[in-house]
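Take 873 as the starting number for the sequence shown in this note's numbering and just add one per residue. Every residue gets a Cβ at the ideal spot worked out from N, C-alpha and C, and that includes glycine. Have a look at the structure below before the remarks.
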Amino acid sequence: MFDKVHHIAYTVDNLDAYKTLFGDTLSMGAVTTREMPDAGYKAAVYRVGETYIEVQEPIDHEEMETFLAEQGNGLNHVAYEVDDIDEAVATCERRGIEAAWDEPIVAPTFPDCRLIDMETETTDGIYLQLVEEMTE
(Lines of atoms letter the chains of each structure in order from A and count residues from 1; the text may use other names and numbers.)
(Lines give C-alpha, C1' and ligand atoms only; values in the text may rest on other atoms or scores of the structure.)
Protein backbone atom coordinates (compact mmCIF):
# COMPACT_ATOMS: atom_id res chain seq x y z
CA MET A 1 0.00 0.00 0.00
CA PHE A 2 2.82 2.45 0.83
CA ASP A 3 5.19 3.28 -2.02
CA LYS A 4 7.85 5.09 0.02
CA VAL A 5 8.33 7.58 2.82
CA HIS A 6 7.32 10.95 1.39
CA HIS A 7 8.48 13.07 4.31
CA ILE A 8 9.48 13.04 7.93
CA ALA A 9 8.27 16.02 9.96
CA TYR A 10 9.92 17.50 13.02
CA THR A 11 8.15 20.12 15.14
CA VAL A 12 10.46 22.67 16.76
CA ASP A 13 10.21 25.84 18.80
CA ASN A 14 12.75 27.86 16.78
CA LEU A 15 12.88 27.18 13.05
CA ASP A 16 15.91 29.42 12.47
CA ALA A 17 18.04 27.46 14.95
CA TYR A 18 17.06 24.18 13.33
CA LYS A 19 17.71 25.56 9.84
CA THR A 20 21.30 25.96 11.02
CA LEU A 21 21.36 22.38 12.31
CA PHE A 22 19.83 20.74 9.23
CA GLY A 23 21.31 23.03 6.58
CA ASP A 24 24.76 23.98 7.88
CA THR A 25 25.74 21.32 10.41
CA LEU A 26 24.16 18.32 8.66
CA SER A 27 24.72 19.73 5.14
CA MET A 28 21.20 19.00 3.94
CA GLY A 29 20.25 21.03 0.90
CA ALA A 30 17.23 23.24 1.49
CA VAL A 31 14.40 22.76 -0.97
CA THR A 32 12.16 25.56 0.27
CA THR A 33 11.15 27.65 3.25
CA ARG A 34 7.51 28.64 3.62
CA GLU A 35 5.56 30.77 6.05
CA MET A 36 1.92 29.68 5.99
CA PRO A 37 -0.10 31.89 8.36
CA ASP A 38 -3.39 30.39 7.16
CA ALA A 39 -2.12 26.94 8.13
CA GLY A 40 -0.69 28.27 11.41
CA TYR A 41 2.96 27.36 10.93
CA LYS A 42 6.15 27.93 9.00
CA ALA A 43 8.45 25.24 7.64
CA ALA A 44 11.79 24.54 6.04
CA VAL A 45 12.05 21.55 3.73
CA TYR A 46 15.18 19.52 2.98
CA ARG A 47 15.74 16.43 0.88
CA VAL A 48 17.66 13.28 1.73
CA GLY A 49 17.58 10.81 -1.16
CA GLU A 50 13.93 10.53 -2.18
CA THR A 51 12.62 11.62 1.22
CA TYR A 52 11.78 15.15 2.29
CA ILE A 53 12.57 16.38 5.79
CA GLU A 54 10.04 18.98 6.98
CA VAL A 55 11.00 21.12 9.97
CA GLN A 56 7.95 23.02 11.21
CA GLU A 57 7.43 25.73 13.82
CA PRO A 58 3.92 26.66 14.95
CA ILE A 59 2.81 30.26 14.57
CA ASP A 60 -0.80 29.71 15.61
CA HIS A 61 -1.37 25.95 15.42
CA GLU A 62 -2.94 24.38 18.49
CA GLU A 63 -1.94 20.77 17.76
CA MET A 64 1.71 21.65 17.12
CA GLU A 65 1.83 23.89 20.18
CA THR A 66 0.40 21.08 22.31
CA PHE A 67 2.95 18.68 20.81
CA LEU A 68 5.80 21.03 21.79
CA ALA A 69 4.42 21.54 25.30
CA GLU A 70 4.05 17.80 25.89
CA GLN A 71 6.95 16.34 23.87
CA GLY A 72 9.42 19.15 23.24
CA ASN A 73 11.27 19.49 19.94
CA GLY A 74 11.27 16.30 17.94
CA LEU A 75 9.78 13.87 15.49
CA ASN A 76 6.12 14.67 14.85
CA HIS A 77 5.09 12.30 12.07
CA VAL A 78 6.07 10.20 9.09
CA ALA A 79 4.14 10.64 5.85
CA TYR A 80 3.83 7.67 3.51
CA GLU A 81 3.39 8.19 -0.21
CA VAL A 82 0.59 6.30 -1.94
CA ASP A 83 -0.49 6.14 -5.59
CA ASP A 84 -4.18 6.65 -4.85
CA ILE A 85 -5.00 8.34 -1.55
CA ASP A 86 -8.72 7.55 -1.70
CA GLU A 87 -8.01 3.86 -2.23
CA ALA A 88 -5.37 3.86 0.53
CA VAL A 89 -7.80 5.48 2.99
CA ALA A 90 -10.46 2.91 2.09
CA THR A 91 -7.97 0.08 2.63
CA CYS A 92 -6.90 1.52 5.99
CA GLU A 93 -10.52 1.89 7.07
CA ARG A 94 -11.28 -1.71 6.11
CA ARG A 95 -8.35 -2.67 8.35
CA GLY A 96 -9.59 -0.60 11.28
CA ILE A 97 -7.53 2.58 10.81
CA GLU A 98 -9.75 5.64 10.44
CA ALA A 99 -9.03 8.94 8.74
CA ALA A 100 -8.84 11.96 11.04
CA TRP A 101 -11.08 14.01 8.74
CA ASP A 102 -13.47 13.44 5.84
CA GLU A 103 -11.40 14.35 2.77
CA PRO A 104 -7.73 14.77 1.84
CA ILE A 105 -6.49 18.36 1.66
CA VAL A 106 -3.84 20.09 -0.41
CA ALA A 107 -0.69 19.98 1.72
CA PRO A 108 0.32 23.47 2.91
CA THR A 109 4.04 22.65 2.82
CA PHE A 110 3.81 20.47 -0.31
CA PRO A 111 1.23 22.21 -2.56
CA ASP A 112 1.64 19.59 -5.29
CA CYS A 113 0.34 16.90 -2.92
CA ARG A 114 -2.88 15.85 -1.22
CA LEU A 115 -2.65 14.48 2.29
CA ILE A 116 -4.74 13.08 5.08
CA ASP A 117 -3.93 12.25 8.69
CA MET A 118 -4.99 8.96 10.18
CA GLU A 119 -6.73 8.98 13.56
CA THR A 120 -4.17 8.27 16.28
CA GLU A 121 -6.82 6.53 18.40
CA THR A 122 -6.90 3.80 15.73
CA THR A 123 -3.09 3.51 15.31
CA ASP A 124 -2.14 2.99 18.97
CA GLY A 125 -1.02 6.62 19.21
CA ILE A 126 1.22 6.70 16.13
CA TYR A 127 0.68 9.79 13.94
CA LEU A 128 0.49 8.50 10.35
CA GLN A 129 -0.05 10.66 7.32
CA LEU A 130 -0.82 9.54 3.78
CA VAL A 131 0.37 11.64 0.83
CA GLU A 132 -0.44 11.48 -2.87
CA GLU A 133 1.51 13.53 -5.38
CA MET A 134 -0.94 15.21 -7.75
CA THR A 135 -0.36 14.82 -11.46
CA GLU A 136 -1.26 17.41 -14.04
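Does residue i pass the burial test, meaning 16 or more other C-beta atoms within 10 Å, or should it be called exposed?
{"i": "T981", "result": "buried"}
{"i": "V903", "result": "exposed"}
{"i": "A979", "result": "buried"}
Can you round the beta-carbon distance between residue i and residue j to whole angstroms, since I take them to be within the 8 Å contact cut?
{"i": "Y913", "j": "H933", "result": "5 Å"}
{"i": "I998", "j": "L987", "result": "With 8 Å as the limit, I998 and L987 do not qualify as a contact, their Cβ atoms being about 16 Å apart."}
{"i": "P930", "j": "E937", "result": "5 Å"}
For residue i, which residues of its own chain have a beta-carbon under 7 Å away from its beta-carbon, when the five flanking residues on both sides are left out?
{"i": "C964", "result": "M990"}
{"i": "E907", "result": "K914"}
{"i": "R966", "result": "none"}
{"i": "M1006", "result": "D984, C985 and R986"}
Taking residue i as the reference, give the member of the options with the closest Cα.
{"i": "E942", "options": "A915, D896 and V884", "result": "V884"}
{"i": "T995", "options": "I969, D955 and F874", "result": "I969"}
{"i": "D958", "options": "A889, W973, T905 and G944", "result": "W973"}
{"i": "T905", "options": "T1007, P983 and E993", "result": "P983"}
{"i": "A951", "options": "T938, E975, R967 and C985", "result": "C985"}
{"i": "A889", "options": "R966, D955, N945 and M873", "result": "N945"}
{"i": "E975", "options": "R966, L940 and A962", "result": "A962"}
Between residue i and residue j, is the Cβ-Cβ spacing less than 9 Å?
{"i": "E1004", "j": "A971", "result": "no"}
{"i": "H879", "j": "E926", "result": "yes"}
{"i": "L887", "j": "Q928", "result": "yes"}
{"i": "E953", "j": "K891", "result": "no"}
{"i": "A915", "j": "G895", "result": "no"}
Note down, in chain order, each residue of its chain lying with its Cβ closer than 6 Å to the Cβ of residue i, except the 5 sequence neighbours on either side.
{"i": "H949", "result": "A881, Y999 and Q1001"}
{"i": "M900", "result": "F894 and Y918"}
{"i": "T992", "result": "Y999"}
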